[in-house]
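In this text, residue positions in the sequence shown follow this note's numbering: the first is 214, and each later residue adds one. Glycine included, each C-beta is placed from N, C-alpha and C at the ideal position. Only one structure is covered here, and it is reproduced in the block below.
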Amino acid sequence: MNDQSPQQNPNEPGRPAPRPFPNSDYVRPGIDDRPDLDKALTDEDKAAVARLAVRQKPKTPPAAADQPEVQAAAMGVTAPVGGADEPVPDLESAFLDMRDPMVDANGDRPTKTQILRMKIGFACTAFFLALALAALNITLVPQELDALSGPVGGAIGLAWVLGVGIVCSFVATIFFLPLSDHTRTPFGRRAPWFAGGTILSVIFAFALSACHAPAAVGIVWAIMQIGIAAALCSLHASLGERVPDKFRDAVGRWRTVGLLAGLVCGIWLGVLMAHNPAEGMDLCAIGLLIAGIVGLFVIPRESSTVYSRAKPMTNDDLLVTLRVPHPTRAWRMICFTRLFASAGAVLAIAFVWFVVRYLHGAGEGLDVRATMIMVALMGLLACAMALLSEGV
Numbered sequence: 214m215n216d217q218s219p220q221q222n223p224n225e226p227g228r229p230a231p232r233p234f235p236n237s238d239y240v241r242p243g244i245d246d247r248p249d250l251d252k253a254l255t256d257e258d259k260a261a262v263a264r265l266a267v268r269q270k271p272k273t274p275p276a277a278a279d280q281p282e283v284q285a286a287a288m289g290v291t292a293p294v295g296g297a298d299e300p301v302p303d304l305e306s307a308f309l310d311m312r313d314p315m316v317d318a319n320g321d322r323p324t325k326t327q328i329l330r331m332k333i334g335f336a337c338t339a340f341f342l343a344l345a346l347a348a349l350n351i352t353l354v355p356q357e358l359d360a361l362s363g364p365v366g367g368a369i370g371l372a373w374v375l376g377v378g379i380v381c382s383f384v385a386t387i388f389f390l391p392l393s394d395h396t397r398t399p400f401g402r403r404a405p406w407f408a409g410g411t412i413l414s415v416i417f418a419f420a421l422s423a424c425h426a427p428a429a430v431g432i433v434w435a436i437m438q439i440g441i442a443a444a445l446c447s448l449h450a451s452l453g454e455r456v457p458d459k460f461r462d463a464v465g466r467w468r469t470v471g472l473l474a475g476l477v478c479g480i481w482l483g484v485l486m487a488h489n490p491a492e493g494m495d496l497c498a499i500g501l502l503i504a505g506i507v508g509l510f511v512i513p514r515e516s517s518t519v520y521s522r523a524k525p526m527t528n529d530d531l532l533v534t535l536r537v538p539h540p541t542r543a544w545r546m547i548c549f550t551r552l553f554a555s556a557g558a559v560l561a562i563a564f565v566w567f568v569v570r571y572l573h574g575a576g577e578g579l580d581v582r583a584t585m586i587m588v589a590l591m592g593l594l595a596c597a598m599a600l601l602s603e604g605v
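This is the structure we're talking about:
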């Protein structure tokens, strides 16, 4: 039989408190006797402290050129509907290190409602952008140039118009990305560029229908591509910064579905409006406007960057998208392969209207109705193959 009494709880009533350790009652001046500010200060005092407080040494946000979403969009700058490539896995992803995959690049944790709004917002924005750009590139602009200059002159004019537009879009993307990296506003650093690019593209998309000469079409088209480049690069950068790694694939799939659906609807819109390309161009301008409104108001508002640390911009920062860390022979081979592959794809897509319309020669062109039916069927086939490749 165990004669030891069970241990008693010192907190039981009637039991004496245990003896304190030596010097355990020592009060450290300024530490132990410090008051609880949440209880000691009034609401007016707390508001004054918050108003006068200044953040010291805020962090510098990462550059957009390092994001795989932006890299994929930059490689697809020659595509008729913007960058449609899926980004490669980010080597700095939270799945490969100890960071939380549920927070975005700024450390914010979006709610389920905000994630749903991101899915809907990015998908609808991609839909309306693809709808407008597909209708303009594949049907409306070639039809307008064909009506102004005929089969041969229209094809030559289309080559100049698209070539100048691609160059302007490429140069604008190079400069707009680092400029948006150094933007500091209460609305974030991407939202002002997206809004400005949308406004510029909408204005010149409406002006496109008022052009009555190939040269005027080329000038307006080039300026419109600058606005679209500003909107697209800021949109893709926002996707990489504001969506946590956990939901990046899901939001990307929603965006891809919206992109392909917009491509189909855009081809059919251009086909149905081929008899009146001016009204079709105005509808495309409205589509660009809707894309900008959805991107600004459906997607949750971007956090302020006023307190973000700003570094002076250097020439290296301005040309960061053109700098390759370690150029090798394999890298150059990949770049040339990508260049010729993009050229072949854009060549087939850009001139499909002229190829179908003048299938039997410039003097024996098909009528507009037959051309519309064949282009619409080709668009459906292309989107079906795109869905098949996406599944594979």
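Does residue i come out as helix, strand or coil in the three-state DSSP assignment?
| i | result |
| --- | --- |
| Arg-228 | coil |
| Ala-318 | coil |
| Ser-447 | helix |
| Cys-596 | helix |
| Asp-245 | coil |
| Thr-396 | coil |
| Leu-371 | helix |
| Gly-576 | coil |
| Val-301 | The predicted position of Val-301 is uncertain, since its pLDDT is 46 and thus under 50; a value taken from the coordinates is nonetheless stated next. Three-state DSSP puts Val-301 in coil, outside helix and strand. |
| Gly-378 | helix |
| Ala-266 | coil |
| Thr-584 | helix |
| Arg-522 | coil |
| Cys-424 | coil |
| Gln-217 | Low confidence applies to Gln-217: its pLDDT is 47, below 50, so where it sits in the model is not reliable, and the reading given next is rough at best. Coil at Gln-217, not helix or strand. |
| Glu-603 | helix |
| Phe-388 | helix |
| Ser-516 | coil |
| Pro-364 | helix |
| Gln-606 | One cannot answer for residue 606 here, as it falls past the ends of the chain, which runs 214 to 605. |
| Ala-276 | coil |
| Phe-234 | coil |
Classify residue i: buried if its beta carbon has 16 or more other beta carbons within 10 angstroms, exposed otherwise.
| i | result |
| --- | --- |
| Thr-255 | exposed |
| Thr-411 | buried |
| His-488 | exposed |
| Phe-389 | buried |
| Trp-544 | exposed |
| Asn-350 | buried |
| Ser-414 | buried |
| Phe-510 | exposed |
| Phe-341 | buried |
| Asp-245 | exposed |
| Arg-402 | buried |
| Arg-232 | exposed |
| Thr-518 | buried |
| Pro-550 | Reading the sequence as shown, one finds Thr at residue 550 and not Pro. Burial call: exposed. |
| Thr-326 | exposed |
| Glu-357 | buried |
| Ser-602 | exposed |
| Ile-586 | exposed |
| Thr-324 | exposed |
Kindly give me the distance between the Cβ atoms of residue i and residue j, rounded to whole angstroms, as I take these residues to be in contact under 8 Å.
| i | j | result |
| --- | --- | --- |
| Gly-453 | Ala-339 | So it is not a contact: roughly 15 Å between Cβ atoms. |
| Phe-407 | Ser-382 | Wrong, their Cβ atoms sit about 15 Å apart, outside the cutoff. |
| Gly-334 | Val-507 | 6 Å |
| Ala-418 | Ala-498 | 4 Å |
| Leu-346 | Gly-479 | 7 Å |
CA-CA distance, residue i and residue j?
| i | j | result |
| --- | --- | --- |
| Ile-562 | Ala-523 | 42 Å |
| Val-240 | Arg-247 | 10 Å |
| Trp-467 | Gly-604 | 14 Å |
| Asn-528 | His-395 | 13 Å |
| Asp-458 | Pro-513 | 17 Å |
| Thr-352 | Pro-399 | 40 Å |
| Val-354 | Pro-490 | 8 Å |
| Phe-460 | Cys-337 | 17 Å |
| Thr-386 | Val-533 | 11 Å |
| Val-262 | Asp-251 | 12 Å |
| Leu-476 | Leu-344 | 5 Å |
| Met-598 | Met-591 | 11 Å |
If you follow the alpha helix (DSSP H) that residue i is part of, which residue opens it and which one closes it?
| i | result |
| --- | --- |
| Arg-542 | 542-563 |
| Asp-462 | 461-485 |
| Pro-405 | 404-421 |
| Thr-338 | 325-348 |
| Ile-503 | 490-510 |
| Leu-532 | Unbroken run through Leu-532: none, as it is neither H nor E. |
| Leu-250 | 250-253 |
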